[in-house]
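Engineer: Residue numbers (the working numbering): 20 to 522.
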């Protein structure tokens, strides 16, 4: 470790969550001296994909430490089933359980970035299939396009006309003629708009909420924001093929992207240390012109020097000016459930000769005044579990401790409806502190607790990947490169690496 202390690093990155990993990727061909550490023994940070043993260790670590992000983690295992025909829990490494499962819409900025940065060839993408709503003990497939609405025999002609009018409004181009009407939408909620403006019945409120993937109830969701999110969904549908509009990476979702991004930095000369965190920082004077490096003490006592340090609030110790990081927060309750049933009926083909989806989204309709509960059901094809099983990720935004029991009840009700009652083999629940969903103004995604300490702000709860992460990474990239060099460089846009062929 002495050689690490002898080096003057251009950047020390703490943590391997998606923002830090993308920053490492963005600098992988810059020639900068990068030291990338993570206090965990695995990649991914807040976006990690955990084995069963990793999950056990993670829960114990939370009990033994103080996290600014996670709390109240616990694991429940089902009673051992004696029947020889029963599906049992597989080996620990047979599972890759995502702490932050997210879908990536086809029309997001993120997918083209994965292509231009040349890491897409190391990733395998799977289709996200149908959206469902669980209502009164029945699963109803949500129409995701105008064609779906037209062909849905469960809808009355009146409801079809109302929905078609709404979808036409959503898909109108963002031209000058449409902007004025959208400005009028900023002061009303989704609930008020669909009831008063489009005369859509309350029974269709939940399906529209699901298409928006709104983390809050329809009365709290501003209509203009819901409009943008539903538009994203509709414009993504059919982009890669008929019947679907979003994808996830196989083998753990975002954690797989983190690993591939970090691998690119390692190929570019970066040094990686898993199991080592940043214990303390000594920052120079609050002066942008001061070239004095940051003094960093790693968790094993090793001291290193660096021009810049970057990481999240949970990975970088607080500095004297950390008050800039204070912001209103909300709580998201989550659970990860290993289910002894493949739930194949939830994954019908996206279209004739289309891909078989590996993910289904289910909104649990209960009290419409509560924030919605979402289930993300991942099939065995994701590589996250053994054959014959699936993973059900549940989440809801709530400050109430009763949300934990609401999630449990929602998962149970869903499985009973799907003819998989009492099929949960293993379950982990936890709560996560995140920025307030509708915080105004939205806090900057990258903050400086000192001129040379770059802090990625906590991310809002969202089932879909938020492109604002890319802007935060770009700002950090510009800081490390300096303004002039960044102006002459392309952010996350690389040529194919030359492959040396031996004679």
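Ideal Cβ positions, reconstructed from N, Cα and C, are used throughout, including at glycine.
All values derive from a computational prediction rather than experimental measurement.
(1) Please classify residue 412 as buried or exposed, where buried requires at least 16 neighbouring CB atoms within 10 angstroms.
(2) For residue 415, which residues in the same chain have their Cβ closer than 6 Å to its Cβ, ignoring the five residues on either side in sequence?
(3) Pick helix, strand or coil for residue 179, following the three-state DSSP scheme.
(4) Buried or exposed for residue 107, please, with buried defined as at least 16 other CB atoms from any protein chain shown within 10 angstroms of its CB.
(5) Should residue 187 go down as buried or exposed, given a rule of 16 or more other Cβ atoms within 10 Å for buried?
(6) Have a look at residue 132 and residue 254 and give me their C-alpha separation to the nearest angstrom.
(7) Report buried or exposed for residue 484, applying the criterion of at least 16 other Cβ atoms within 10 angstroms of its Cβ.
(8) Measure the alpha-carbon distance for residue 427 versus residue 443 and round it to whole angstroms.
(9) From residue 234 to residue 139, what does the alpha carbon distance come to, in whole angstroms?
(10) Please classify residue 512 as buried or exposed, where buried requires at least 16 other C-beta atoms within 10 Å of its C-beta.
(11) Using DSSP's beta-bridge definition, name the partner residues of residue 259.
(12) Let me check one thing: in DSSP terms, what residues is residue 159 bridge-paired to?
(13) Is the beta carbon of residue 331 less than 8 Å from the beta carbon of residue 36?
(14) Give me the residue from 129, 289, 286, 324 with the minimum Cα distance to residue 303.
(15) Figure out for me which residue from 410, 474, 480, 502 has the closest Cα to the Cα of residue 109.
(16) Any idea if residue 177 is buried or exposed, counting beta-carbon neighbours within 10 angstroms, 16 or more meaning buried?
(17) Between residue 41 and residue 326, how many whole angstroms is the CB-CB distance? I'm expecting something under 8 Å.
(18) Rounded to whole angstroms, what is the Cα-Cα separation between residue 239 and residue 93?
(19) Can you check DSSP and say which residues form a bridge with residue 28?
(20) Among the candidates 385, 329, 419, whose CA atom is the shortest distance from the CA of residue 497?
(21) Going by the beta-carbon positions, is the gap between residue 396 and residue 379 smaller than 8 Å?
(22) Would you check if there are 3 or more beta carbon pairs closer than 8 Å linking the stretch 207-227 to the stretch 254-272?
(23) In whole angstroms, give me the CA-to-CA distance for residue 165 and residue 250.
(24) Across which residues does DSSP place residue 482 in a beta bridge pair?
Structural biologist: The relevant details are as follows:
(1) buried
(2) 352, 390, 392, 422
(3) helix
(4) exposed
(5) exposed
(6) 19 Å
(7) buried
(8) 11 Å
(9) 29 Å
(10) exposed
(11) DSSP lists no partner for residue 259.
(12) 152
(13) yes
(14) 324
(15) 410
(16) exposed
(17) Residue 41 to residue 326, Cβ: 20 Å. No contact.
(18) 30 Å
(19) 325
(20) 329
(21) yes
(22) no
(23) 12 Å
(24) Residue 482 pairs with nothing; no bridge assigned.
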